[in-house]
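Protein chains in written order, with our numbering: chain Z, 11 to 612; chain D, 59 to 426.
This is the structure we're talking about:
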């Protein structure tokens with residue numbers, strides 16, 4: 011686009027054969043990455059594909075076990091981020107590192123050797139506004155950080171690294187926090203900087219954006235480079251998505267056919283606020299039955315965490331939550347635990363385990379008060395170790411012995427430990443949040459099968475996941491959440507990725523286009539398509555936030571319905587404003603709003 | 059700035075069980091060596107000084123008895139701090155809890171709460187112990203409650219409450235309970251004294267003049283109890299779990315607020331008991347200087363002992379010895395110098411537990 015590669019140009023960055031292994035994970039597997047001055051190079055990949063790790067190697071945060079890095083042709087070895095900065099490499103992180111109460115200039119000067127003692131702020135204010143002008147960045151150097159919008163704070167971060175003389179910039183998912191207009195502005199700024207010879211690495215998992223901004227593309231999957239291309243024009247979003255996700259393993263799960271039993275959990279008109287005291291759950295009604303898995307779908311941050319927390323007693327709420335006929339709303343966690351609630355928390359290390367304590371101590375976390383572990387006022391450590399050893403074998407937890415500290419377990423084994431603790435207590439209700447996130451394929455299958463086994467034993471399971479594939483393959487019903495509401499509930503016979511994707515954007519079931527309603531269930535395993543929809547959903551969400559459009563209305567009669575037996579979906583025959591478009595175009599139009607026009611796709 | 063031989067800190071996952079012991083003992087030895095260098099720099103012969111030191115503290119049974127007297131409050135306070143620190147509650151208020159304990163124990167005599175002529179000695183002492191512990195527990199309850207219910211930082215509160223307690227004590231000894239205008243109460247009657255070794259001199263002549271009192275027994279019993287609590291009991295498991303990861307503890311259904319208050323109260327009660335043994339066993343009156351910052355030294359003791367109750371016994375004897383020696387050696391600050399350096403080194407030595415230290419030679423650096 012803006013840059014044409016000259017054959018003799020020296021690459022700004024040349025990373026060769028980078029290998030970095032974390033305990034249990036091969037984060038980068040012989041990765042090559044080359045970037046020329048004046049180039050915007052997109053790094054694409056799923057969560058955990060190794061994009062951020064690779065960039066952290068480049069910024070000196072991690073030292074690779076093998077491989078070499080050349081900056082402008084010179085071989086370097088970074089021992090700390092300081093070395094990387096000295097070589098003109100700067101990174102803008104997703105989470106800004108700024109001091110709220112200080113001005114833009116002060117933030118930019120933090121950590122520099124000059125000025126040494128006396129601070130002539132005026133002089134530096136001018137210097138910085140000069141620098142900002144040079145790259146077309148609009149910012150007031152005397153403003154304090156707390157007065158700035160997120161987009162402006164990001165500009166401060168960019169200026170911070172430009173001021174340090176960086177000519178290699180790394181942007182870690184820079185648009186994730188921005189409103190659409192801000193994102194457009196950022197992209198213009200980045201293009202301007204590239205035109206002035208900066209090399210920019212652009213980490214993203216948004217395919218549309220990558221097409222818009224990048225000159226070159228490297229795709230990572232499971233720590234390996236799966237593609238490195240320049241001809242971005244020739245790519246469709248579909249081909250990018252399949253490069254990114256690849257052919258996924260189709261899990262060989264054993265899910266028995268069974269009908270749901272009597273009701274175990276019922277939420278009635280439950281509302282709650284989040285940590286910022288803003289409404290996070292709004293009048294949620296849900297019901298869950300024996301031997302049933304209720305999946306909760308939704309874009310992250312639409313009330314799923316709060317839903318789990320109110321059920322497990324970790325967050326206050328209004329309304330009623332009935333577990334086996336007992337109201338557990340606003341009861342301490344100990345109460346619901348004693349009434350058969352098991353909780354597989356999202357944060358395994360921060361919530362689900364005590365990292366410095368032994369396997370045994372972690373196993374008995376919820377039953378130290380029950381015989382045989384409990385012995386009057388004492389703990390029977392012999393019995394506790396025996397219990398832990400039994401579960402270690404049963405759940406195949408890989409660890410030297412039960413005295414091993416929990417923090418030494420790999421992610422998959424730690425999750426097995428948590429599952430062993432939670433599921434071995436013969437729970438009536440399992441609340442599982444993101445139970446397979448960050449695990450490798452084998453561990454994922456293991457965890458999913460364990461959940462299905464619980465289902466077969468008549469346990470009720472609430473499964474919150476951002477992985478639609480997982481929800482579709484495990485759930486008997488899926489409830490879709492949007493902005494704290496349950497938008498609607500779909501039974502397994504009617505699972506439809508498009509429909510769920512649209513509902514995740516707040517579209518009510520009765521407003522869904524009829525074709526989408528009638529289309530066939532999608533075969534499990536075709537992930538590229540899910541990602542496509544997810545991707546659009548994220549875009550759409552932002553558009554939606556920007557406009558003060560109406561809130562979706564809760565369908566109470568729909569949400570708290572009986573378990574699926576027959577087809578409950580209403581067959582709506584609404585006037586379709588987009589008549590004449592194909593189903594796919596219709597979805598895209600819905601998702602992308604006015605941006606999309608017919609024929610835009612190819 | 060370029061370091062010729064850069065140090066590489068490599069995190070190691072595991073260390074052998076003996077390593078903490080070695081690093082702690084090493085830190086103490088190194089503290090003596092560094093202090094020796096300081097002594098040599100001031101013109102003294104460190105070996106002479108240390109031999110005096112040793113003689114002053116361990117040279118005779120009488121001297122050792124004095125060490126025990128000093129070690130008693132350190133032991134009790136150190137145990138209280140260990141329990142609180144196990145839950146990561148930073149109780150820096152042992153000094154205040156000590157004073158309130160001493161005050162309430164003295165109240166038994168000064169009010170008086172019982173008829174000192176007729177009540178048997180054991181009953182008076184038991185009541186003094188009870189009130190001493192209650193006083194410390196009360197002074198621990200305040201920061202515990204504030205932290206549990208309002209999440210107010212316990213470090214600030216406990217630190218400030220120290221001054222409140224000291225000034226409260228001063229009010230009584232300068233005013234109401236002052237004896238003839240001196241800043242102290244009258245001497246307690248014999249029935250309010252803890253038994254001392256010297257009390258048995260008529261039967262065992264070797265004990266004559268020895269001031270070690272029954273408080274050390276309370277300390278050793280307390281060490282056994284605290285050990286049982288931390289390592290054997292369900293409550294200790296809860297404390298350890300909260301200390302390691304409060305969010306996990308809450309998730310597991312443990313009431314953190316309740317345990318915060320309880321641990322603070324037990325920690326305070328032990329410091330309060332130390333206050334009681336000091337007025338009843340050593341000075342036999344309430345006065346201004348009953349503590350040579352025992353409350354703060356107790357924090358150091360707990361830390362040096364790595365929160366192990368039995369190690370607290372040994373460390374408090376070491377610190378008691380330093381305190382006794384400081385009476386014999388001029389300037390007396392040498393003891394505090396050693397104390398300070400020891401703490402500094404012990405805390406620094408934690409690095410050795412967590413990291414392996416490697417010196418990187420330039421040739422190796424390029425090879426990597």
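Don't be surprised by glycine CBs; every beta carbon is placed ideally from N, CA and C.
Predicted model only: the values in this text are computed from it and were never measured.
For residue 366 of chain D, no CB of chain Z lies under 7 Å from its own CB, so it is not counted at the interface with that chain.
Within the same chain, Cβ atoms closer than 8 Å to the Cβ of residue 224 of chain D are found at 153, 154 and 157, the five residues on either side in sequence being excluded. At a cut-off of 7 Å between beta carbons, residue 303 of chain D contacts chain Z.
Against chain Z, the CB of residue 120 of chain D has no partner CB under 7 Å away; the residue lies outside that interface. Residue pairing of residue 139 of chain D in beta bridges, as defined by DSSP: absent, with no partner found.
For residue 360 of chain Z, the closest C-alpha among the options Z/517, Z/410 and Z/372 is that of Z/372. Per the DSSP secondary-structure output, residue 281 of chain Z pairs in a beta bridge with Z/328. Residue 148 of chain Z counts as exposed, since fewer than 16 other beta carbons sit within 10 angstroms of its beta carbon. Looking from the CA of residue 219 of chain Z, the closest CA among Z/192, Z/185 and Z/281 belongs to Z/185. Excluding five sequence positions before and after residue 345 of chain D, the CB atoms of its chain that fall closer than 8 Å to its own CB belong to 231, 241, 242 and 243, given in chain order. For residue 299 of chain D, a Cβ of chain Z is located within less than 7 Å of the residue's own Cβ. Between residue 367 of chain D and residue 355 of chain D, the alpha-carbon positions lie close to 16 Å from each other. Under DSSP, residue 263 of chain D takes part in no beta bridge, so it has no partner. The CB of residue 207 of chain D never comes closer than 9 Å to any CB in chain Z; the least such distance is about 15 Å. Closer than 7 Å to the CB of residue 366 of chain Z there is at least one CB belonging to chain D. Out of Z/469, Z/332, Z/395 and Z/29, the CA that lies nearest to the CA of residue 411 of chain Z is found in Z/395.
Per DSSP, reduced to three states, the secondary structure at residue 308 of chain D is helical.
Within the stretch 392-413 of chain Z, no residue has a Cβ lying closer than 8 Å to any Cβ of chain D. Rounded to whole angstroms, the gap between the alpha carbons of residue 116 of chain D and residue 334 of chain D is 26 Å. For the set Z/156, Z/228, Z/85 and Z/119, the Cα lying nearest the Cα of residue 111 of chain Z is the one of Z/156. About 7 Å separates the CB atoms of residue 389 of chain Z and residue 291 of chain D; that is less than 8 Å, so the two are in contact. Excluding the 5 residues flanking it on each side, residue 217 of chain D has same chain C-beta neighbours closer than 8 Å at 150 and 151, in chain order.
The stretch 188-201 of chain D makes no contact with the stretch 249-259 of chain D; the number of CB pairs closer than 8 Å stays below 3. Residue range 76-81 is occupied by the beta strand (DSSP E) that includes residue 76 of chain Z. The CB of residue 73 of chain D never comes closer than 9 Å to any CB in chain Z; the least such distance is about 12 Å. In the same chain as residue 314 of chain Z, and ignoring 5 residues on each side of it, the C-beta atoms closer than 8 Å to its own belong to 306, 308, 443, 474 and 491, in chain order. By DSSP's assignment, residue 303 of chain Z forms a beta bridge with Z/471.
Residue pairing by DSSP places residue 45 of chain Z opposite Z/23 in a beta bridge. Contacts between residue 379 of chain Z and chain D, judged by CB atoms closer than 8 Å, involve 292 in chain order. Taking 7 Å as the threshold, the shortest C-beta distance from residue 310 of chain D to chain Z falls below it. A Cβ-Cβ distance of about 25 Å is found for the pair residue 223 of chain Z and residue 118 of chain Z, leaving them out of contact under the 8 Å criterion. Around residue 60 of chain Z, the same chain offers 37, 38, 230 and 233 as residues with beta carbons nearer than 6 Å, after the five sequence neighbours per side are excluded. Residue 40 of chain Z carries a strand assignment under DSSP once its states are collapsed to helix, strand and coil. Taking CB atoms only, residue 376 of chain Z has a neighbour in chain D less than 7 Å away. Of all residues in the stretch 395-410 of chain D, none has a C-beta nearer than 7 Å to a C-beta of chain Z. Assigned with DSSP and collapsed to three states, residue 492 of chain Z falls in strand.
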